[in-house]
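S.K.:
See the structure below:
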């Protein structure tokens, strides 16, 4: 587990998206740390997503 503000490009994070139990391993492509949040661009195969989390949000790194 790692805080969102401590993520690095290239890390893979495990996220539940859409329906309950629908897990995906997303590779981090770009990170933008803002004053009170972190914007993360990532992909899972051909699916590209953008997420925004509070700085201290704990994420599972695979």
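Residue numbers (my numbering): 566 to 627. Every residue gets a Cβ at the ideal spot worked out from N, C-alpha and C, and that includes glycine.
(1) Report the CB separation of residue 603 from residue 574 in whole angstroms; it is logged as a contact under 8 Å.
(2) Could you please give the first and the last residue of the uninterrupted beta strand (DSSP E) stretch that includes residue 604?
(3) Give me the Cα-Cα distance between residue 624 and residue 569, rounded to the nearest whole angstrom.
(4) For residue 598, tell me which candidate among 583, 617, 612 has the shortest Cα-Cα distance.
(5) Under three-state DSSP, which class holds residue 621?
M.R.: In terms of the structure at hand:
(1) Between residue 603 and residue 574 the beta-carbon gap is near 12 Å, outside 8 Å, which marks them as no contact.
(2) First-last of the beta strand (DSSP E) with residue 604: 602 to 609.
(3) If I take the Cα positions, the gap works out to 6 Å.
(4) When C-alpha distances from residue 598 are compared across 583, 617, 612, the shortest belongs to 617.
(5) Residue 621: coil per DSSP, three-state reduction.
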